[in-house]
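Read left to right, the sequence shown gives residues 32 to 344 (our numbering).
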Amino acid sequence: MLSFLPGFLLLPISFSLFALNLAFWGIVVTPLGILKLLLPFKAAHRLIAALGRRCYRGWTAVNTFLINLFNNVDWQISGQQQLDKDSWYLLIANHKSWVDIPVVSTFAYHLIPEPKFFLKDELKWVPFLGTGCWALDMPYMKRYSAATLAKHPELKGKDIETTRNSCAKFVHTPTTIINFVEGSRCTPEKQRAKNSPFTHLLPPKAGGIAFTLASMGEQFNAILDVTLIYPDNSQHIAMDMLMGRLKRVVIQAEILPVDAAVIGDYFNDPVFRDNFQQWLNQRWQHKDQQISAYYQQAHQAVVTNTPLLSRHD
């Protein structure tokens, strides 16, 4: 643990090591994407995908080591008892910081398959990023605007078909798809700008998660609703982490069923759209209450001088 060192000393060291870790694995994984182009064989693609998963696990393991090296972190994780690495999950979570990505990856490391993030279809042509994500089998999502569909009605449903084809490789490989449903990091300024009805969250965006479920919902064993809380670092989480000030990481997971209530034509069925938005808003209200309850419990522990024990149940 190096958290005893002054933050101004830790900042350049930790930032450099996190950046080097990202650069190293980016360099390692990019040739895998090139090989996928040169070797259009299923057996080769399976081998490349397996190597890509190992690279992602390597990136995650080093990130976790660095977080714990520079910070005296109390990891409080609950709700993971029934998870396994041989299932398919859609993971939805609130979004506070770019630290969420390594934190969720750390959570997933021993519990569920390596996470995949949906990317815009255009990003596949970005050098290094596109080939690297392709090598890691990140699914690409192609969406058509209402104006485009009006001019070309034959494209209706093609976006979901494209995403299904992108996800076809996951049929035989257990996978976790991640969606940060708020679409942006939650800050007080954004809460005010969006007139958020929640105390700790931004309003959820239903379209992306509905699109994911419509594309491959039958393939998921469960929806994994993850609540992320940084009780001692609510303002500048990433900077605090780099300066050795990250104290607690709270991860609360809840397993939800994938059923007819969450799979449907969100963009063309107004009844399903209303029901789905209501379901997601109820989930976010529940999440907001969970966060408030945690803060109340933590405050009570301080008042009564009772330790708030770490939970790894």
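Ideal Cβ placement from N, Cα and C applies to all residues, glycine included.
Bear in mind that the values here come from a model prediction, so they are computed numbers and not experimental data.
Residue i and residue j closer than 8 Å at C-beta
i, j, result
"T243", "W119", "no"
"S109", "Q266", "no"
"K67", "W165", "yes"
"R276", "G38", "yes"
"A124", "F211", "yes"
"L287", "D256", "yes"
"H126", "C217", "yes"
"P184", "E213", "no"
"C198", "S246", "yes"
"K278", "D105", "yes"
"L154", "G161", "yes"
"L42", "M272", "no"
"I254", "L121", "yes"
"Y325", "P228", "no"
"V60", "G163", "yes"
Three-state class that DSSP yields for residue i in the structure shown
i, result
"W106", "strand"
"F49", "helix"
"E213", "coil"
"Y326", "helix"
"R279", "strand"
"V60", "helix"
"D256", "strand"
"L287", "strand"
"L233", "coil"
"F55", "helix"
"T206", "coil"
"F148", "strand"
"H343", "Residue placement at H343 is poorly supported in this model, since its pLDDT is 48, which falls under 50; the coordinates still yield a value, given next. The answer is strand: DSSP assigns H343 an E or B state."
"Q331", "helix"
Rounded distance between the beta-carbons of residue j and residue i, thought under 8 Å
i, j, result
"V280", "Q107", "7 Å"
"L311", "A224", "Incorrect: roughly 20 Å between the Cβ atoms, too far for contact."
"T204", "A80", "7 Å"
"I240", "P146", "Contact flag wrong, Cβ pair sits at about 15 Å."
"L114", "L69", "So it is not a contact: roughly 37 Å between Cβ atoms."
"F101", "S47", "Not a contact, Cβ separation roughly 12 Å."
"P170", "F149", "6 Å"
"Q321", "T230", "No, Q321 and T230 are not in contact; Cβ-Cβ is about 11 Å, not under 8 Å."
"L232", "S215", "So it is not a contact: roughly 11 Å between Cβ atoms."
Cβ shell of residue i (< 8 Å), same chain only, five flanking positions each side left out
i, result
"M269", "The amino acid at residue 269 is misidentified as Met; the sequence shows Ala. Counting only Cβ-Cβ distances below 8 Å, and skipping sequence neighbours, we find S128, W129 and V130."
"P133", "T91, N94, T95 and I98"
Cβ neighbours of residue i in the same chain (closer than 6 Å, five flanking residues each side left out)
i, result
"G248", "V289 and I294"
"R304", "Y297"
"Q111", "L142 and A284"
"N103", "M32 and S34"
Nonlocal neighbours in the same chain, by C-beta distance under 7 Å from residue i, ignoring five residues either side
i, result
"G89", "W56"
"H343", "Model confidence at H343 stands at a pLDDT of 48, short of 50, so the residue's coordinates are unreliable; what they give is reported in the following sentence. Answer for H343: I108, listed in chain order."
"Y87", "E145 and L167"
"N264", "D271, R276, L277 and K278"
"R314", "D256"
Jot down the residue ranges of each uninterrupted beta strand (DSSP E) in the segment 77 to 146, minimum 3 residues, whole runs only, in chain order. 105 to 109 and 120 to 124, all fully within the segment 77 to 146.
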